[in-house]
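If you read the sequence shown in full-length UniProt numbering, its first letter stands for residue 1, the second for the next number, and so on. Virtual Cβ for every residue (Gly too), placed ideally from N, Cα, C. A quick note: this is a predicted structure, and the numbers were derived from the prediction, not measured. Structure first, commentary second.
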Amino acid sequence: MDPYFGTAVGLAALLFALCGVAALGWGWLPPWQRRHIARPRLFGWAQLTIAAAFVIQLVGGLLLDDWGTRSSVTMPGAVVALFGLVMMMVAQREPRTR
């Protein structure tokens, strides 16, 4: 695997983690997302989930040499990423009111 790819994935994981902590701790969102996100705390959890998926993919892709072990680590990382994307979609919906 290309070392620049690993660096890019690591930086993306760090960026998602920092934005997730900012959304959870202070409810802060980047300006381009503020009008789309209805639930900032859920969006923060989603960003932390995506960051964890990137880390899982990075560990599986860079540190493991055996193909079978690598795929058994990276496939759950893909599932975690999909779960984070679903959480992001739910965070964009307005909460139900009675």
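For R96, the nearest candidate out of R39, W28, L62 (CA to CA) | If you compare the alpha carbons of R39, W28, L62 with that of R96, the shortest gap goes to R39.
Check whether A51 and A81 have beta carbons under 7 Å apart | Going by C-beta atoms, A51 is not nearer than 7 Å to A81.
Between the CA atoms of E94 and V55 - distance to the nearest angstrom = The alpha-carbon separation between V55 and E94 amounts to approximately 30 Å.
For the 8 Å Cβ check, are there 3 or more pairs between the segment 41–51 and the segment 68–76?
-> Touching, no.
Closest residue to A8 among A17, M89, L58 (Cα-Cα distance) | For the options A17, M89, L58, the alpha carbon positioned closest to that of A8 is the one of L58.
Going by alpha carbons, who is nearest to G6 out of L63, R34, I37, A78?
-> The candidate whose alpha carbon is nearest that of G6 is L63.
Classify L64 as helix, strand or coil using the three-state DSSP reduction.
-> In the structure shown, L64 sits in coil (DSSP, three-state: anything other than H, G, I, E or B).
Taking the alpha-carbon positions, what's the R70 to G60 distance?
-> Cα to Cα, R70 sits roughly 5 Å from G60.
Distance between G25 and residue 114 (C-alpha atoms, nearest Å) = Because the chain spans 1 through 98 in this model, residue 114 falls outside it and cannot be assessed.
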